[in-house]
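Numbering-wise (my numbering), the sequence shown opens with residue 570 and increments by one.
Beneath this line is the structure, given in structure tokens, with notes to follow.
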Amino acid sequence: MAKEEITPSEWQIMEVLWACGEPLTSSEVYKRMQGNVDMSMRMVRVLMNRLNQKDILGYTVDEHDSRVYHYYVQRSREECVKEKSRKFVDSYFSGSGTNAMAALLQSFALTDEQIKELEEILEKSKGQNAESSDKKSS
Numbered sequence: 570m571a572k573e574e575i576t577p578s579e580w581q582i583m584e585v586l587w588a589c590g591e592p593l594t595s596s597e598v599y600k601r602m603q604g605n606v607d608m609s610m611r612m613v614r615v616l617m618n619r620l621n622q623k624d625i626l627g628y629t630v631d632e633h634d635s636r637v638y639h640y641y642v643q644r645s646r647e648e649c650v651k652e653k654s655r656k657f658v659d660s661y662f663s664g665s666g667t668n669a670m671a672a673l674l675q676s677f678a679l680t681d682e683q684i685k686e687l688e689e690i691l692e693k694s695k696g697q698n699a700e701s702s703d704k705k706s707s
């Protein structure tokens, strides 16, 4: 089964949980979002429930108050970013990572330091691809 995509509003909630690094109640998430995001407490609860249904969040019931749920992250930010990136490339570039990278590179003015960082990422990727093909041919 394909993983369901995280909506922009759900992503805002996930950013709070990823940044915190520990389980939070919906009230705690709401308090941490105040001032940054215009979202009602009810909407926070609805979105956290959806994230739970998508298996992106899990929860435990408070041992002192069974009405309180402590939500925890089940998928890392890195995993979600990779998945969102793949879907973006599939949707807008017919699955071509090369075309997606070219479009992004042409859209931004990069510093020499950023270019060097990208070159290092490409070199690392080459190494990983070589390891993968070695394992397949064994």
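Where a beta carbon is used, it is the ideal one built from N, C-alpha and C, also for glycine.
Just so you know, these numbers come straight off a predicted model, no measurement behind them.
Local conformation of GLY627 per DSSP, three classes: strand
Among ASP659, THR629 and ASN618, the one whose alpha carbon lies nearest that of PRO592: THR629
Residues sharing a beta bridge with LEU593, DSSP: TYR640
Assigned exposure category for ASP681 - 16 Cβ within 10 Å defines buried: exposed
Contact set for ILE575: own chain, Cβ-Cβ below 8 Å, skip 5 residues either direction: MET583, LEU620, LYS623, ILE625, CYS649 and LYS653
8 Å Cβ cutoff met for MET617 and VAL637: no
Classification of TYR640 by the beta-carbon crowding that lies within 10 angstroms, buried from 16 upward: buried
Contact set for GLU579: own chain, Cβ-Cβ below 7 Å, skip 5 residues either direction: LEU616, ARG619 and LEU620
Same chain, Cβ closer than 6 Å to SER609, five either side skipped, listed in chain order: none
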